[in-house]
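In our numbering, the protein residues as written are 785 to 1184. Structure first, then comments.
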Amino acid sequence: MTTEPGSWGYASDFDDITGQVAICGVGDSDMSKASGRTTQQIVGQAVERALDDAGLEPRDVDGLMYVGMPEQFDVAAFHEHFGTDHDIWESRRGGGMTGAATAPYYAAEALRTGRARYVLNTFGVAWATQRGEMTGGPGETHAQDLFKQNLEIPFGWFPQPVYFATIARRHMHEFGTTEEQLGAIAVACRRHANLNPAAVMHEKPLTLERYLASPKFVDPFRKEDCCLISDGGGAYIMTTPERAADAPKRPAIVAGVGLGHASTGTHWAQQPAFTSTPAVFSAPAAFRMAGVTPADVDLFTCYDPFTIVTLMQIEDSGFCEKGAGGEFVAGDTLHYDTGTLAHNTHGGMLSHAYVLGISHVVEVVRQLRGEGTAQVADCEIGVYGGYTGPQCSTLVLRRG
785 MTTEPGSWGY ASDFDDITGQ VAICGVGDSD MSKASGRTTQ QIVGQAVERA
835 LDDAGLEPRD VDGLMYVGMP EQFDVAAFHE HFGTDHDIWE SRRGGGMTGA
885 ATAPYYAAEA LRTGRARYVL NTFGVAWATQ RGEMTGGPGE THAQDLFKQN
935 LEIPFGWFPQ PVYFATIARR HMHEFGTTEE QLGAIAVACR RHANLNPAAV
985 MHEKPLTLER YLASPKFVDP FRKEDCCLIS DGGGAYIMTT PERAADAPKR
1035 PAIVAGVGLG HASTGTHWAQ QPAFTSTPAV FSAPAAFRMA GVTPADVDLF
1085 TCYDPFTIVT LMQIEDSGFC EKGAGGEFVA GDTLHYDTGT LAHNTHGGML
1135 SHAYVLGISH VVEVVRQLRG EGTAQVADCE IGVYGGYTGP QCSTLVLRRG
């Protein structure tokens, strides 16, 4: 356990797995507004595409990772979908969010010990379809939390857009961050989505002028500062680099993994480092394992529920000094072809789809292969930053 910098959190003490895991196949489902599909149907489509991408059959998959949320693609769902019945190693330490980055760490042991040869990580949601049955979309889980019911909701601090608008306003107060700088993040993501036929928002261009003309949603946020609610899912397949060498497409090699924790509490109301994320712990650990620095990174995809979360993760991952994120992202810094740090080149959760980070990893793999729709020139090192609030994760991938 490490606690640098500061004393409000720490990084998990991960063993070095550099070069032990390769991602040999990736797949996305169709991304959409309400589709009428179930989560398992959505993920099943993504898995089919990942298998095809890797040149594998369903029976080749003998490891499966997901997160312990309702309707995720567990072993029973896999067998039902594909009509198989073989033994499959199973772990709930995968999925989206932070798990989309840390799944390779836990898969490494299964691959190393021979418990599995090909490990599938999946995640999906049907939240757009289910929205009519939920209280405020994904805010339902927050509304059911007793801490929030008693100490946040009575004071009007609910749901997520209100939390993060408060954080954005505090960041503006502390560091002079501007609305135009938040808008630069939204504009870059929308531009990348416009180049991605699979993106939900690809037919709605966005300029900074149009962003600033958009009405406020929760001050200082406009709707463009906030993620979508979507149906969608993704999947990627892990194996050893030796096996991946025989795959139809160039693999992505896992170079580093880090997981950071806030030790002061689960909720933002308990967080003394109010304008920071646990990426300050996860990113340095992952970069040390990979033997790289932020300056070596060609592509940074991160969990982006709100523009301010992107800005804080860029700072906390070491791409600029703390508090300088607004100045750093201004203009075209984040654009795939003219910027200095290509960011969420598929459109991110702001404009591609809200599938909680799994598609961010899929995008990094595609970029390292040269298959991006907004392709970064000579992309060799790609990083995904996962996020849940009390945790952040960092995954460093290099071109195989």
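Where is the CB? At the ideal position from N, CA and C, for every residue including glycine.
So does residue i have its beta carbon nearer than 8 Å to some heavy atom of the ligand SAM?
i	result
residue 1180	With respect to small molecules bound, the structure shown includes none, and the ligand SAM cannot be examined in it.
Give me the Cα-Cα distance between residue i and residue j, rounded to the nearest whole angstrom.
i	j	result
residue 1126	residue 869	43 Å
residue 1057	residue 1064	11 Å
residue 1062	residue 1031	35 Å
residue 882	residue 942	23 Å
residue 1154	residue 1160	8 Å
residue 1092	residue 867	44 Å
residue 1176	residue 1066	6 Å
residue 1188	residue 948	Because the chain is modelled from 785 through 1184, residue 1188 falls outside the range shown and cannot be assessed.
residue 863	residue 1033	26 Å
residue 792	residue 1051	13 Å
residue 1181	residue 1144	12 Å
residue 801	residue 1088	27 Å
residue 996	residue 1094	19 Å
If you compare alpha carbons, which of the options is closest to residue i?
i	options	result
residue 796	1045, 912, 900 and 956	1045
residue 1147	1167, 900, 882 and 856	1167
residue 982	1136, 1069 and 928	1136
residue 985	994, 992 and 974	974
residue 1164	1150, 1174, 815 and 1177	1150
residue 892	1049, 1036 and 1023	1023
residue 1113	1101, 972 and 1082	972
residue 832	865, 816, 848 and 807	865
residue 991	1017, 1012, 1039 and 964	964
residue 1169	1162, 954 and 1141	1141
Provide the residue span of the alpha helix (DSSP H) that contains residue i, from first to last.
i	result
residue 1073	1063-1074
residue 795	Taken as a continuous stretch (DSSP letters only), residue 795 belongs to no alpha helix (DSSP H), being part of the beta strand (DSSP E) at 793-795.
residue 1091	1091-1100
residue 859	859-866
Under DSSP, the beta strand (DSSP E) around residue i begins and ends at which residues?
i	result
residue 946	That residue, residue 946, is in no beta strand (DSSP E); its alpha helix (DSSP H) goes 944-959.
residue 823	Element bounds for residue 823: not the beta strand (DSSP E) but the alpha helix (DSSP H), 823-838.
residue 905	903-910
residue 935	First-last for residue 935: 930-935, but that is the alpha helix (DSSP H), not the beta strand (DSSP E).
residue 1023	1015-1023
Under 9 Å between the Cβ atoms of residue i and residue j?
i	j	result
residue 809	residue 840	yes
residue 926	residue 1157	no
residue 952	residue 857	no
residue 900	residue 846	yes
residue 958	residue 1102	no
Does any C-beta atom of chain C lie closer than 9 Å to the C-beta of residue i?
i	result
residue 906	Among the protein chains of the structure shown there is no chain C, as only one such chain exists.
Touch test, the stretch 920-937 against the stretch 871-889, Cβ-Cβ under 8 Å, three pairs minimum: Short answer: they don't touch.
The stretch 908-917 touching the stretch 810-823, judged by at least three CB pairs closer than 8 Å: Judged by Cβ distances under 8 Å, the stretch 908-917 makes contact with the stretch 810-823, as three or more pairs qualify.
Inter-stretch contact at 8 Å, needing at least 3 Cβ pairs: the stretch 1033-1043 / the stretch 843-856: Contact fails between the stretch 1033-1043 and the stretch 843-856, because fewer than three Cβ pairs, one in each stretch, are under 8 Å apart.
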